[in-house]
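Here's the structure, in structure tokens; my notes come after.
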Amino acid sequence: MARSGTDFAEIRARRMRRRKLVRIVSAFLFLSALTLAFYGVLFRLSLFDVQNVHVLISGRLEGERLIEFVKTQFGQSFRARVFGFGHMLGWPRRVSPEALTASPIFKTVRVEKDFRRRTVVLSADTRIPVGIWCIQSERDPRELRTGEAYAPTACAWFDREGVKFESTFAAEGNLIPVVNDYSQTDRVLGKKILPDAFVPNLLAILEVAAASDFGIREIKIADLSREEVEIRTHDGPALFFSLRFLPTDARETLSRILAEHPKRNFEYIDFRVPRRVFFK
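Under this note's numbering, the residues of the sequence shown are numbered 265 to 544, in order.
Listed below in structure tokens is the structure:
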């Protein structure tokens, strides 16, 4: 029986689809082979071998730490796996803010490539420490339930933005301000020590404490919900400040009070009310 015109049309359409599919697959394979050949040529050209890695870094870090950070973060990238860091194309083109969360000591990291000199330039801005923040645990280890882990003190450097960026130990003496936090439990680096509105106020409080001639025994936040800082001294009164506002004129007021009462036989001096001071 003769085939109808519809059957021939369907057969022709299927053949056209197969031919189109073959062309697409062939084009894809050709482009893939061309791409691999291109990258293969680039990989073998010594013209793209890295001759120097220059590091420009602010702060106290050594350059090797920046190089290690970049290699660790991008070692599994497509570029690094194909070319390696001995090749100019193996280095990343940029470092995103998201990548910096792995090492919050770096505020920014930039990568520049000088193909003519075959040089990679890494530059970074680092966080400058202004104090140490210690998460404290007031719980006695004997009070823990069976199987519950004891959380000891965890300290970290923080900068003027209030960002905890590097683990450390609590410092002795008064050269470096150490704040003991008995209220919060977040020990993650890269997080803020306080809400943003409180950070400049805390820094100003620390400056007042540093300018006084008291021997600082402890700077503490017992309960953040109270929004206050308590400073215990070795040879003088306790000092109380509010985190809600800047301690305007507190330094001058403190100096005047101590000048008028040279024996310093105070129990406390309280700056928690704006533009007023209480002492006992």
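Cβ atoms here follow ideal geometry from the backbone N, Cα and C, with glycine treated the same way.
Please classify E516 as buried or exposed, where buried requires at least 16 other C-beta atoms within 10 Å of its C-beta. exposed
Whole angstroms are fine: how far does the CA of F312 sit from the CA of T372? 26 Å
Which residues bound the beta strand (DSSP E) around V375? 370 to 378
When you compare only the Cα positions, how much space is there between P405 and K484? Bear in mind that a pLDDT of 49 at P405, under 50, signals an unreliable position, so the number given afterwards is only what the model happens to contain. Near 21 Å, if we compare the C-alpha coordinates of K484 and P405.
Between which two residues does the alpha helix (DSSP H) harbouring S476 extend? Segment: none, S476 is in no alpha helix (DSSP H) and carries neither H nor E.
Please say whether M352 and V384 have beta carbons closer to each other than 9 Å? Using a Cβ distance threshold of 9 Å, V384 and M352 count as a contacting pair.
CB-CB under 7 Å to F542, same chain, minus the five flanking residues each way: which ones, in chain order? D534
Give the DSSP bridge partners of K456, in chain order. The partner list for K456 (beta bridge, DSSP) reads V427.
Helix, strand or coil, according to DSSP, for F294 in the structure here? helix
Taking T336 as part of the alpha helix (DSSP H), name the residues at either end of that continuous run. 327 to 338
Closest by C-alpha distance to I507, when choosing among N438, D450, I495, D499: Reading off the sequence, residue 507 comes out as Leu, not Ile. Nearest of N438, D450, I495, D499 to L507, Cα basis: I495.
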